[in-house]
Amino acid sequence: MERHIDINDFNYPLPDERIAKFPLEERSSSKLLIWNKGEISERHFRDLGDVLPAGNLLVFNNAKVIRARIIMHKPSGARIEVFCLEPHLPADYERAFAVKGECQWSCIVGGLKKWKEGCVEIRFDYEGREEVLKAYRMTENGREQIVRFEWSADLTFGQLLEHLGRIPIPPYLNRESQEIDYTRYQTVYSKNEGSVAAPTAGLHFTPALISDMKARGFEFEEVTLHVGAGTFLPVKAENAAEHPMHTEHFEVHRETIEKLLRHYGHITAVGTTSVRTLESLPALAWRIRQKGAPEAARAVGQWELYDIPHEFTGREALEVLAEYMAREELDRMKASTQIMITPLNYEFRIVRNIVTNFHQPKSTLLLLVSAFVGDDWRRIYGYALDHDFRFLSYGDSSVFLKE
145 MERHIDINDF NYPLPDERIA KFPLEERSSS KLLIWNKGEI SERHFRDLGD VLPAGNLLVF
205 NNAKVIRARI IMHKPSGARI EVFCLEPHLP ADYERAFAVK GECQWSCIVG GLKKWKEGCV
265 EIRFDYEGRE EVLKAYRMTE NGREQIVRFE WSADLTFGQL LEHLGRIPIP PYLNRESQEI
325 DYTRYQTVYS KNEGSVAAPT AGLHFTPALI SDMKARGFEF EEVTLHVGAG TFLPVKAENA
385 AEHPMHTEHF EVHRETIEKL LRHYGHITAV GTTSVRTLES LPALAWRIRQ KGAPEAARAV
445 GQWELYDIPH EFTGREALEV LAEYMAREEL DRMKASTQIM ITPLNYEFRI VRNIVTNFHQ
505 PKSTLLLLVS AFVGDDWRRI YGYALDHDFR FLSYGDSSVF LKE
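Given below as structure tokens:
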């Protein structure tokens with residue numbers, strides 16, 4: 145099937161001064177644009193409990209941003225930046241962060257032309273001793289490099305990154321990471337390490353707001369999707385349908401599937417990463433229905449959801465997954481997704497409402513917004529620009545209600 149999306153139809157003027165370079169002092173004091181079945185209004189994020197339908201289930205992405213940027217040097221003194229994207233050996237996130245002594249990661253390397261051969265290194269003090277982390281280029285994988293790390297300190301790789309790495313703030317902030325980013329470029333509920341970008345819709349939540357919403361009858365659930373650097377990749381193809389989507393790994397627990405079933409029709413996804421995770425589940429369920437297994441080792445394809453029959457509802461998908469996981473005695477399911485949600489007749493099967501920030505022009509995330517609200521995205525973004533909303537990762541928020 146030939147698909148065509150003119151990416152120029154998803155452009156809008158975004159002056160640099162409208163991009164929030166730093167977070168507000170108080171997370172929940174950000175502005176909140178409300179789109180309620182076509183009606184637009186605004187409040188503050190701390191009012192979210194007054195805006196969402198009572199009793200909604202909010203789904204967070206609990207991914208934690210790792211200090212993925214390591215500044216290293218060649219023996220000549222040349223500066224090399226190694227940006228860890230995802231584990232290669234061991235490939236599992238949990239094992240990759242727990243390993244000691246040696247591991248391999250898929251990385252983006254800054255200053256690659258200066259690093260033809262040999263190792264780069266960084267020397268550091270740990271418990272009164274001088275230690276060293278060395279890195280060797282192994283193989284090339286497109287724009288990424290497989291890099292082998294070796295280190296002398298009695299530290300796991302996760303501890304090593306905490307000790308030496310820097311938070312990889314978005315490139316459009318046009319600044320180096322600062323002390324404030326180490327806390328504010330994380331959600332208050334982050335826990336599962338592996339992301340190289342924050343699920344930024346959740347940055348507005350505070351423990352007090354969550355407690356208040358729970359007291360008012362809202363429920364919360366968590367999934368994990370490790371946000372990759374590909375989320376920032378611009379759509380360069382004139383036909384956005386030709387844009388190759390990046391792969392992101394996710395994990396969902398059986399208890400979560402069962403809770404989603406109980407709240408079906410009243411589910412609010414916090415952030416596009418939660419949307420991508422939840423909306424990928426019907427693909428796994430359809431594989432079970434067709435083949436008896438979710439084939440979780442194979443990523444959910446870019447267009448796979450578009451080929452699933454309309455009659456296969458989100459409720460049915462969740463029932464299939466719950467039955468399969470109970471039968472196989474699985475407490476969680478790990479998979480990956482390349483899902484591309486676009487206005488080309490995409491059918492949202494799980495998500496009923498969305499909380500999200502304001503996204504870059506000509507981005508896949510703006511396509512996702514358009515798939516949910518239709519051409520109203522222009523009115524929404526026009527309102528935000530006209531009413532002094534702050535844009536992108538540290539910017540203000542919006543909520544789209546279809547319930």
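Numbering of the sequence shown is given in the numbering used here, commencing with residue 145 and proceeding in unit increments. We put the CB at the ideal spot given by N, CA and C, even for glycine. Small disclaimer: the values here were computed from a predicted structure and weren't measured.
Leaving out five residues before and five after Arg-360 in sequence, what residues of the same chain have Cβ atoms less than 8 Å from its Cβ? Gly-193, Ala-198
DSSP three-state label for Pro-351, please. helix
Take every Cβ of the stretch 460–474, pair it with every Cβ of the stretch 416–428, and state whether three or more of those distances are shorter than 8 Å. yes
What residues are listed by DSSP as bridge partners for Ala-479? Phe-394
For the stretch 221–233 and the stretch 326–333, state whether three or more C-beta atom pairs, one from each stretch, are separated by less than 8 Å. no
Kindly provide the ranges of any alpha helix (DSSP H) runs that are 4 or more residues long and lie completely inside the stretch 306–362, ordered along the chain. 325–328, 351–359
Should the stretch 373–387 be called in touch with the stretch 237–249, which here means at least 3 C-beta pairs below 8 Å? no
DSSP state of Lys-175 mapped onto helix, strand, coil: strand
With Thr-508 as the anchor, note down where its alpha helix (DSSP H) starts and where it stops. 508–517
Evaluate Asn-205 with the Cβ neighbour count: other Cβ atoms within 10 Å of its Cβ, from every protein chain shown; 16 or more gives buried, anything less gives exposed. buried
Looking only at DSSP bridge pairs, what is Ser-542 linked to? Leu-177, Thr-500
Are the CB atoms of Thr-421 and Val-367 nearer to each other than 7 Å? yes
Is it a yes or a no for the stretch 391–399 touching the stretch 468–476, going by three-plus beta-carbon pairs under 8 Å? yes
Bridge-paired residues (DSSP) for His-217: Arg-223, Glu-265
Per DSSP, Gly-254 is paired with what? Glu-225
Suppose you measure from the CA of Met-216 to the CA of Ser-296; what does that come to, to the nearest Å? 16 Å
Going by C-alpha to C-alpha distance, which of Gly-254, Arg-162, Phe-227, Asp-356 sits closest to Tyr-316? Arg-162
May I ask which residues mark the beginning and end of the beta strand (DSSP E) holding Lys-208? 207–209
DSSP beta-bridge partners for Phe-364? Leu-202
Run through the DSSP bridge pairs and tell me what Glu-230 is partnered with. Ser-250
Could you give the distance in angstroms between the alpha-carbon of Ile-290 and the alpha-carbon of Cys-228? 10 Å
Which value, in whole angstroms, describes the spacing of the CA atoms of Val-264 and Ala-279? 5 Å
Stretch-stretch touch, CB-based, cutoff 8 Å, three pairs: the stretch 313–327 with the stretch 260–274: no
Starting from the C-beta of Ile-499, find all residues in its chain whose C-beta is less than 6 Å away, skip the five residues before and the five after it, and write them out in chain order. A small correction: the amino acid at residue 499 is Val; Ile does not occupy that position in the sequence shown. Here the set comprises Ala-345, Val-414, Val-543.
As assigned by DSSP and simplified to three states, the class of Trp-521: helix
What residue from Tyr-408, Arg-471, Glu-455, Ile-483 has the CA that sits closest to Arg-442's CA? Ile-483
Is DSSP giving Ser-537 helix, strand or coil here? coil
Of the listed residues Asp-519, Asp-540, Phe-533, nearest to Ile-154 (C-alpha basis): Inspection of the sequence shows that residue 154 is occupied by Phe rather than by Ile. Answer by Cα proximity: Asp-519.
Delimiting residues of the alpha helix (DSSP H) encompassing Lys-435: 416–435
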